[in-house]
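Line by line, the protein sequences give chains A and B.
Heads up, our numbering is the position in the first sequence plus 8, with the first residue counted as 1.
Heads up, our numbering is the position in the second sequence plus 28, with the first residue counted as 1.
A short worksheet on the structure shown next.
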Amino acid sequence: MKEPDQINTERLAGGGAVAATAPFGDGTLIEDPAVDAPLVINDTSFADVTDTVCGYAEKPGALWWYAALTVASSAALMAAIFIPYLIITGVGTWGLNNQVDWAWDITNFVFWIGIGHAGTLISAVLCLLKQKWRTAVNRSAEAMTIFAVICAGIFPGIHVGRVWMAWMLAPIPNYNGIWPNFRSPLLWDVFAVSTYATVSLLFWYMGMIPDLASLRDRAQKRLATGQSMHLRLMLPTGKPLDIHFINVDKIRAFVYGLLSIGWRFSSRHWHRYEAAYLILAGIATPLVLSVHSIVSFDFATAVLPGWHTTIFPPYFVAGAIFGGFAMVLLLLIPLRVVLPNFKSLLTLRHLENMAKILLVTGMMVGFAYTMEFFIAWYGGNEYEWSVFINNRANPAKAPYWWSYYIMISCNVISPQLFWFRKMRQNPTAIWIVALAVTIGMWFERFTIIVTSLHRAWLPGEWHMFFPTWVDILTFVGSCGIFLTLFILFTKFLPMFAMAELKAVMPQADPHGEHKGHDPVFAAIGEED
Amino acid sequence: MSTIDQCPSTTGLEPEPQDKPTGKQHWRSVEEFSNSESFRPFLEREFPEGASELLEGSRRTFVKLMGASFALAGAATIPGCRRPDRKIMPYSRDVPEEIIPGRPLYYASAMPLLGGGAEGLLIETHTGRPTHIQGNPLHPMNQSASSIWSVASVLDLYNPDRLKFPVYANPARGPLQATWDDFKAFWGRHAKTIDGKGSSLAFIVDKKSSPSRDAMRDRVLARFPGATWVAWNAIETRNEIEGGKLAFGEPVRSHHDLSKAAVVLSLDSDFTFGGPESIKNARLFARTRRVDRPDETMSRFYAAESCPSSTGSLADHRFRLAPSQISALAVAVAQRILNKQAPAGSGSLKTAIEAVKTPAVEGISAEHIHEIADDLMRSRGRSVVMVGPSQPPEIHALVWAINAALGAIGTLVWTSPMPDELASDAGADLAGLAERIDRGEIKTLICIGTNPVFDAPAGMDFAQKFDSVETTICLGVGATETAAASTWSLNGAHYLEQWGDVEAWDGTLSIIQPMIAPLYEPAMSDLEMLAFVAGEAEPDGYEIVSQVWSGRIGLARDSKAFDKTWRRVLHDGLLSGSGKGPAGGSPRFGPIATAISAFTLASAPTESALEVVYAPGNTLDGRHANNGWLQELPDIASKVTWANPVYVSPATAKALGVLPEGGVDPYTKQQLPQARKAELRIDGLPMEVPVWVQPGMPDNTVRVMLGYGRVVCGLVGSGIGHNTNAVRQAGRATATGATLERTSGTETIASTQDHWSMESRTSIVRTIDKKWWDKHAGTPPSHEPDDIYGEVGGVAILNLAEQLGELAHSPPNVSIYKNPLTQSDENARKGSTYSHGPQWGMSIDLGSCTGCGVCTIACQSENNIPIVGRNEVAKGREMQWIRVDRYFTGDDLNSPDEVLMQPVACVHCENAPCETVCPVTATTHGPEGTNNMAYNRCIGTRYCANNCPYKVRRFNFFDWGQTKHNGGLDPKYVGKSLAEGSAERITFNENFIPPRLRAKVDEISKMQHNPNVTVRPRGVMEKCSYCIQRINRAKQEVKTREIWTSRDQVGPIPDGFFQTACQAACPTESITFGDILDPNSAVAKAKESQRTYMLLGYIDTRPRTTYALRVRNPNEHIRPVESDPLEHGGSHEGGGEKHNGHGDGGSGGHAFVDPEKKYREDGYAMSLRVLGGVKA
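If you want it as structure tokens, here you go:
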């Protein structure tokens, strides 16, 4: 039996047929460790890649796209309503109290920041580690990172009692000559998150420039050849609505032109691009570790039992990677279904790889959960032990036991499915686990924050936390913002890093196994 | 009628009233004395002549622009200078000629207590506004301490819902706003229609002990000899009065001196809380509970209680007994004592008591009863039995006999005659009046300071009878149901606005002086109203009081001697030496014997025949219902606010199926915990009430709180709770045979404490039995005391109290960081900021704290702390800076061993966890060791509160300080439901309306605010500041008196030069505050005690507020002394010498037994071995 790579190469060489079928799946699930699985399948040529990826941004939006956008933006509207309401009326509209001073706000913050982790990890760390399979997911993961960080940034901003005074967090030597308190982890957060957001945004945008230029050039070409079309909107009835006076390609040429800041595909551009990309990857890699470590300091440096733990920084980073990959899977698996040719670029092998990461990081957080317990017992601190047993694990005593067990079953138990090959090669199963992990990671933060706070040192001041509808709808709003932005991204920006994708295709390897065939295109490779 | 702009000095419209020729003239200057033409403008101008020209002419435009803002500023400040017309003597050593702005003046006054007695008060006024009330140090009854009601009464003064003008209920047109002239004209006509003897006239007045009121009563009755006079008090202690009558043949007041008590038995008597003598009792009794050296004597206190009370929390042995069983206990104790030592002449009683079949008391064994009796006898002469209102008159009389047998009469307890009016049976008198109304004999009914339409007992149907009277006149301060139902509703003067007097329980004559002219002028005080009714056209309180006093003192009013005494009285607030000391007097044993022979002991209550105890709540008889501070002050035992559910024990609630939703732990289920409703049926009178569980209640007993369910009272109090007068017969303190049956529906109950137990964390409130105290307290910790902490903390060998906590298990606290202020990682270094004074610190004595809550109220008053309302309390957002944590201990929640109280406010950690985490440095450390809040720097991240181990930080989740607050009710909706006659609570939370759309706080309410304390806005964190405004004022005083020592060091501030608000108010002197570096200060001495420990000190917070552990003095025959807490079976090999104590206070089971505890202890042992290895 031929290997899939071989089939592709043969086809490119003009010989052979595609008839050979893979043993199962889409043919990327090769078991032979000596053979690399293909990263792009279904006889995709370089032109196919460009057409497919640019096509997502150029073709009129499908009905599902409008439907999804409507739902997501309606949810985002909740944020637009309830955040101003919160600011006008007071933090009391949330269910917080003097015992539980943080709850959903910081839970959501840490949740979104965690999700924002996968993007930079995939882009930077996997880039440095030369993991070629990252090319299928890096662009959308980076986009997701940016949108998650936006959502994360909302919560610390609005959770303070006097939002209009939040500028005092910035190190501006104001007229009082008072600096912010550099001992406070919250201040470190401000720096860590803003640095992370900046670098991630730069990374994402810079990586997109060649692809934006492709979109620009394609629009220009259509304009020049008279192929361009007016705006056509799909109505819910299924009929298109033509708006004749708007020429989409004119807008595209202008906007993508602006965004691609004069990219001309010149060798010099590529050279600098590669260098810059590598530098940014180098800068971003420590950030992957630092952001969530610093976020974890909010808790780890506190004296509160359940927060005061040295294990938090690595545990939070592992959890963030875990949650981030789950979110990538949660978003991309449905796109494989609804977007044409998506499966060629995002193969089962990709999904399986990510499922393995879920399994590994899931075990890491599971280990962290266990160690917390062990240290609480071994440390012999009555208060800390009580937080773990009586606030979390013991259903007879802990009012929030369900949150703890949701966390455990979603984060530790559900990824264990991936010990089974069938499961980690089944997109539906992966999607379900990814959903469970996303829920579980939210509950992990809820568990850490609320169950530690609600019953701490002095039983006299113990108090429960119950969310209000403002709490809930603000969170729904943040999900809406996230999804709206992502849905817009799928329509207007290149969802794959085309250049990089092409570089990992067999055609790009002029010195591949089948020597004698000149490569059709000169592609930019990271290797050789 | 203007309510604000009434200052004569700014309007110049109202001439300053001239002193009556008979009165004593006071003047501030020669000009005033001459009252010359030039003096009047001088008085009315703020600036000297010529100064105001600056604002005219060239600056005209500026004036125009600023006019509006000046007017606004003026509106806010004008009420501030409402000085009363008559000069009173400021309470301070040097009498300032004029008020110095920014510097409060203190005046002595007094507050009459319900049913007789008084509290002497010292009232802090800022530019003529009373803002804070504390006890008058010269007053023999309460000294500088105070009760929750007197401290909170300043809020009643500024109650925005007060009656503001007379209202006439026009038969055709309904209630109309009228004027006092209208009323006077009306009365002029009406008085003529009253027949000569006035037999169609009736009065219902507040029962109180006031000589001037008595004089006015005599004047009124002289004019209308046939008038009916009812001195009404809905919650009077009838049993006590009747018992006194039985024992002594005449009504008596009982007086106590507990300072020498060695053994005290309380028979359902909360003698340190709520009564006319309670503050004195609290002070003296607490002293007997305090030990600081080994083998120091300490009283032993047995309490038999029908509900956990503040006094009962001090008990060494607490028994939960139904009232009927407490009576049986009393009989059993009497049998034992009289058998051993019958006083002369008590033969008949001895016979009678022995004839009573020895009852089996449910809840306490016969051996224990005998032991209690024997213990009382062993300390004969220094032991006393206290008896509470729930006991029938026979038992009260019997206790007099027991006390006689114990030799307590004349030393620990004595009597004085009770004036007739105080002794009168209010319930019977009111019933008599009701009958006369029925017979149509009463045509005119005048209520003064009373609200019988609301609080008349069940079955009397007084409201309807009230309506049937032709002319009803009501004079009162707050809006009441009676005022709303009256033909004429008249606005009265608050006691802070009037001249008056009152006799304290011990007979001390106290003067009531106006601190401020009536806010809603014109108004009449009760004295003036009575004088007016008696025929005086323009009554004047000052005239009335000074006249009565001149008679009382026996000096002519125009004599120099009277003038001198009078000035002294105004200064001191009382006539010194007018109180009476201990007196002898023996009860008459014969009548007691007769009564006991006729007395039958009730059998123990059952589920189908419950016993009921009535008790007033924080609102007393309902008069304080519109006082938000008192509504939000948690009930002592249940910590419930804003409601009066009926309380039953957990077992009874379970048996009757009325457990709250969520069981005994209802707080975990819903944000707004729900009590189940049930039908309470007493003597055939049904009522639907919410039921709440109260551990420590005897089974099958229901506690019913009075004073709630007001309908017409104002935004705060209307519709809060249920009017339980509907199930109470007049004067009754208990009832039997009641049933409680669950009905449908629930009601929200807000509690400030969600948890009953200490969860085995016995190092929080530390206790030790006297035996082990005596054994170990003599061994001093051998080391150099810490500069800052004395014997506490950071030392090689811990003091006794610290050996009972975590510090005994952990290595010494050495921070890995240097504290920037102390330049040290351990103790404050010599020469560092903390090593020179003053360094503020506090010590709270848990051995004497009764948890009465007056610290909370005093703090609220001093520091402008807002109330938040029921729903917000239920959510856990109460703002009080000092809370009292209440814990039950024992292994059965239904029958706890002990009730422990622990006041917690910010402890001002030296290594404060809150300070490091604030991102904007809004909370920082002061050089004097205080943890300060910069409110305008705070952005409200709430991280500090999360990181505070003591959870004492309070966040302004809403704009409570700035916008009008009404307890979480929509005012419009309240109005609607009131119109429909429903007292249904509305669950809509008004806080959810954006503040800008809500009404702002009334100008009147703002007048209560302490001008030296910021009113915090929304989104800002706040907490106890150690009353830093008082600290700073003290420093200023010290500086201006030039007693500071060096340029950069203020002080030393003499110890006791000032007090924090909570410290001053505490009746048991449990709170000590001062400079801990001054070796002679009380607080430094307290901290040197072996009892001192740092709450959660093991996390190295180094709190400046430390606690003194509670020493218990149990009777070994009743509860075996627990094993030595410092001698634990060798589980701590590594620890060595003194380090082997356990935090659980021994194996006596004085904590809810936790199955994991043992396991955890093993963990301790294991981990400590590891630590020990490292150390070695």
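Yeah, the Cβ is synthetic: ideal placement off N, Cα and C, and Gly gets one too.
Nothing here was measured: the structure is a model prediction, and the numbers come from that model.
Which chain A residues are close to residue 502/B, counting only those with a beta carbon under 8 angstroms from its beta carbon? The sequence position of residue 502/B within the second sequence is 474, counting from 1. Neighbours of residue 502/B on chain A: none; closest Cβ ~39 angstroms, over 8 angstroms.
By the DSSP assignment, the beta strand (DSSP E) with residue 1208/B in it spans what residues? Nothing in the structure corresponds to residue 1208/B, since chain B is present only between 29 and 1204.
Ordered along the chain, which non-local residues of its own chain (more than five positions away) have a Cβ less than 6 angstroms from that of residue 517/A? Locating residue 517/A in the first sequence gives position 509, where the first residue counts as 1. Counting only Cβ-Cβ distances below 6 angstroms, and skipping sequence neighbours, we find nothing.
Between which two residues does the beta strand (DSSP E) containing residue 249/A stretch? On the first sequence, position 241 is the one that residue 249/A refers to. Start and end: 248-255.
Beta carbon proximity, residue 985/B to chain A, threshold 9 angstroms: As a first step, residue 985/B is located in the second sequence; it is residue number 957 there, counting from the start. At least one chain A Cβ lies under 9 angstroms of residue 985/B.
Since residue 1099/B is in the beta strand (DSSP E), which residue starts that stretch and which ends it? As a first step, residue 1099/B must be located in the second sequence, where it is residue number 1071. 1099-1103 is the span of the beta strand (DSSP E), which, as asked, contains residue 1099/B.
Below 9 angstroms on C-beta distance, what does residue 978/B contact in chain A? Within the second sequence, the letter at position 950 stands for residue 978/B. 465, 466, 469, listed in chain order.
Members of the region 84-99 of chain A that neighbour chain B once the beta carbon cut-off is set at 7 angstroms: 96, 97, 98, 99
Range of the contiguous beta strand (DSSP E) that encloses residue 705/B: Here the question's residue 705/B lines up with position 677 in the second sequence. Taken as a continuous stretch (DSSP letters only), the beta strand (DSSP E) holding residue 705/B covers 702-710.
Could you tell me whether the Cβ of residue 191/A comes closer than 9 angstroms to any Cβ of chain B? In the first sequence, residue 191/A corresponds to position 183, counting from 1. For residue 191/A, the answer is yes, since a Cβ of chain B falls inside 9 angstroms of its Cβ.
List the residues of chain B whose Cβ lies closer than 9 angstroms to the Cβ of residue 597/A, in chain order. This structure cannot settle anything about residue 597/A, because the visible part of chain A is limited to 9 through 536.
With hydrogens ignored, establish whether the beta-carbon of residue 1036/B is closer than 8 angstroms to any heavy atom of the ligand NAD. For the ligand NAD, the structure offers nothing, since it holds no ligand at all.
For residue 1133/B versus residue 869/B, is the C-beta distance shorter than 9 angstroms? Translated into positions along the second sequence, residue 1133/B becomes position 1105. Translated into positions along the second sequence, residue 869/B becomes position 841. For residue 1133/B and residue 869/B, yes; Cβs fall inside 9 angstroms.
Exposed or buried, what is residue 704/B when buried is set at 16 or more other beta-carbons lying within 10 Å of its beta-carbon? Translated into the one-based positions of the second sequence, residue 704/B becomes position 676. Residue 704/B should be labelled buried.
Report the three-state DSSP secondary structure of residue 364/A (helix, strand or coil). For the purposes of this step, residue 364/A is taken as the residue at position 356 of the first sequence. It is helical.
Spatial distance of residue 790/B from residue 466/A (CA atoms): Against the second sequence, residue 790/B aligns to sequence position 762. Against the first sequence, residue 466/A aligns to sequence position 458. Whole-angstrom Cα-Cα distance: 10 angstroms.
Under three-state DSSP, which class holds residue 769/B? Your numbering for residue 769/B matches position 741 in the second sequence. Strand, per DSSP.
Three-state secondary structure assigned by DSSP to residue 11/B: This structure does not reach residue 11/B, given that chain B is present from 29 up to 1204, and the question cannot be answered.
Which partner residues does residue 488/A have in the DSSP bridge list? Your numbering for residue 488/A matches position 480 in the first sequence. Partner(s): none; residue 488/A has no beta bridge.
Between which two residues does the beta strand (DSSP E) harbouring residue 259/B extend? Residue numbering aside, residue 259/B sits at position 231 when the second sequence is read from its first letter. 256-260 is the extent of the beta strand (DSSP E) around residue 259/B.
Neighbour flag for residue 786/B against chain A, beta carbons, 9 angstroms: Here residue 786/B refers to the residue found at position 758 when the second sequence is read from its first residue. So, interface residue.
Out of curiosity, what's the CA-to-CA distance linking residue 849/B and residue 241/B? As a first step, residue 849/B must be located in the second sequence, where it is residue number 821. As a first step, residue 241/B must be located in the second sequence, where it is residue number 213. Straight-line Cα distance between these residues: approximately 60 angstroms.
Endpoints, beta strand (DSSP E) assigned at residue 868/B: Against the second sequence, residue 868/B aligns to sequence position 840. Where residue 868/B is concerned, the enclosing beta strand (DSSP E) stretches over 868-873.
Contact criterion: CB-CB distance below 9 angstroms. Does residue 1206/B meet it with respect to chain A? The shown model of chain B, from 29 to 1204, leaves out residue 1206/B, and the question about it has no answer.
Run through DSSP, which three-state label would residue 1096/B get? Counting from 1 along the second sequence, the entry for residue 1096/B is found at position 1068. Three-state DSSP puts residue 1096/B in coil, outside helix and strand.
Kindly indicate the opening and closing residues of the alpha helix (DSSP H) around residue 911/B. Here residue 911/B refers to the residue found at position 883 when the second sequence is read from its first residue. No alpha helix (DSSP H) holds residue 911/B; the beta strand (DSSP E) holding it covers 911-917.
For residue 149/A, which residues in the same chain have their Cβ closer than 6 angstroms to its Cβ, ignoring the five residues on either side in sequence? Counted from its first residue, the first sequence places residue 149/A at position 141. Within the same chain, residue 149/A has close Cβ partners 126, 127, 130, 336.
Reference residue 115/A; option with closest CA among 472/A, 169/A, 509/A, 455/A: Against the first sequence, residue 115/A aligns to sequence position 107. Checked all of 472/A, 169/A, 509/A, 455/A; the closest Cα to residue 115/A is 455/A.
Give the straight-line distance between the Cα atoms of residue 465/B and residue 488/B, rounded to the nearest whole angstrom. Stepping through the second sequence from its first residue, residue 465/B is reached at position 437. Stepping through the second sequence from its first residue, residue 488/B is reached at position 460. Rounded to whole angstroms, residue 465/B to residue 488/B spans 11 angstroms at the Cα level.
Under the three-state reduction of DSSP, which class applies to residue 720/B: helix, strand or coil? Stepping through the second sequence from its first residue, residue 720/B is reached at position 692. In this structure, residue 720/B counts as strand in the three-state DSSP scheme.
C-beta neighbour in chain E for residue 107/A, strict 9 angstroms: Absent from the structure is chain E; the protein chains it does hold are A and B.
Quick test of your reading: residue 453/B and residue 753/B, contact by CB under 8 angstroms. State the CB separation rounded to the nearest angstrom. Residue 453/B sits at position 425 when you count from the first residue of the second sequence. Residue 753/B sits at position 725 when you count from the first residue of the second sequence. With a Cβ gap of about 17 angstroms, residue 453/B and residue 753/B do not count as contacting.
Taking Cβ positions, are residue 878/B and residue 1088/B nearer each other than 9 angstroms? Taking the second sequence and counting its residues from 1, one reaches residue 878/B at position 850. Taking the second sequence and counting its residues from 1, one reaches residue 1088/B at position 1060. In this structure, residue 1088/B does not lie closer than 9 angstroms to residue 878/B by Cβ.
Please decide whether residue 455/A counts as near chain B, where near means a Cβ-Cβ distance under 9 angstroms. For the purposes of this step, residue 455/A is taken as the residue at position 447 of the first sequence. Not an interface residue.
Candidates 44/A, 349/A, 380/A, 99/A, of which the one nearest residue 476/A by Cα: Here residue 476/A corresponds to residue number 468 of the first sequence, with the count starting at 1. For residue 476/A, the nearest C-alpha among the options comes from 99/A.
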